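In my numbering, the protein residues as written are 8 to 319.
See below for the structure under consideration.
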């Protein structure tokens, strides 16, 4: 117990360090004052004929389809990273998603299973049918420890075929308008099955990369995210999406294990991360920015940075 209390004190100290940095440097960056009233179709409000894929800062969610995972008040607090459904997130402005599946084609987070992935697909289709030019990135991956669902790649193509943007490294230099009418960049990351081949309607995991730091320490995660971002090539030359996850993860060695409390220690510093990335000269590497428990302020920050890039 003494070790857990000591760890909790360290977490609180790290949160204070981030707050002190925010008080000192602020959260201003190009586009930081942006606010939209049309989250559902924010991309359509931009000039799609000149905005390139590589210049979008894609607002994203981590463990996107966990709104109904586990048993309420019992196991759900330890695995629920989002409270909104996929459709609700899309309407709220999220444009990049992280979906974990098990061998039964159910959404899962670790050992906890949720609804069928059909729910995710139906939410995507509903949103696409209601909008005309919103482009989304969705990564499906087999959760660690599970076998791959049988022929899942074929199933994804069958379900989303008409919307899929085929795997093509030149996409990053294309404008959003050039992708239309295709509107879904779908990444499939199996554990053991063959990865999507070049030219496939699906994208292989090499086209969506990140560096995961598994910690509940907010400044440790913040600093690791910045370090790894600094090591990426600029968007101008990079031919894969790079994701930064502004999240913290419960640890069994800690006294606090629920997702909300743990991730909330870093969640409010998303704008600080963006402002520091601009200040340090790494903003041209930012591309997918993910959060737990998505909120409109986070979406505004990502759209604002996109608009600022677009206007320069």
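Idealized CB from N, CA, C, for every residue including glycine.
Quick caveat: nothing in here was measured; it's all calculated off a predicted structure.
The beta-carbon distance between residue 21 and residue 244, rounded to whole angstroms, is 34 Å. This is too long to meet the 8 Å contact definition. Here residue 317 carries a helix assignment [DSSP, helix/strand/coil].
Residue 68 carries a strand assignment under DSSP once its states are collapsed to helix, strand and coil. Residue 154 has its alpha-carbon roughly 34 Å from the corresponding atom of residue 242. For residue 73, same chain residues with a beta-carbon under 8 Å away, outside a window of 5 residues either side, are 86, 87, 88, 89, 114, 116, 121 in chain order.
Going by beta carbons, residue 37 and residue 305 fall outside the 8 Å limit. When only Cα atoms are considered, residue 298 and residue 148 end up about 18 Å apart.
Runs of the beta strand (DSSP E) spanning 3 or more residues and lying entirely within the stretch 223 to 287 occur at 248 to 253, in chain order. Between the C-alpha atoms of residue 60 and residue 231 there is a straight-line separation of about 26 Å. Just so you know, the alpha carbons of residue 57 and residue 183 end up roughly 8 Å apart. Judged by DSSP secondary structure, residue 159 falls within the alpha helix (DSSP H) whose first and last residues are 159 to 167. By the C-beta density criterion, residue 42 is exposed, having fewer than 16 other C-beta atoms within 10 angstroms. Excluding its 5 nearest sequence neighbours in each direction, residue 14 has C-beta neighbours in its own chain below 6 Å: 261, listed in chain order. In this structure, residue 48 lies away from residue 108, with their beta-carbon atoms at least 8 Å apart. With respect to the 8 Å criterion, residue 51 and residue 181 are not classified as neighbours on the basis of their beta carbons.
Fully enclosed beta strand (DSSP E) runs of no fewer than 3 residues occupy 65 to 68 of the stretch 21 to 78, in order along the chain. Taking C-beta atoms as the reference points, residue 159 and residue 94 fail to come closer than 8 Å.
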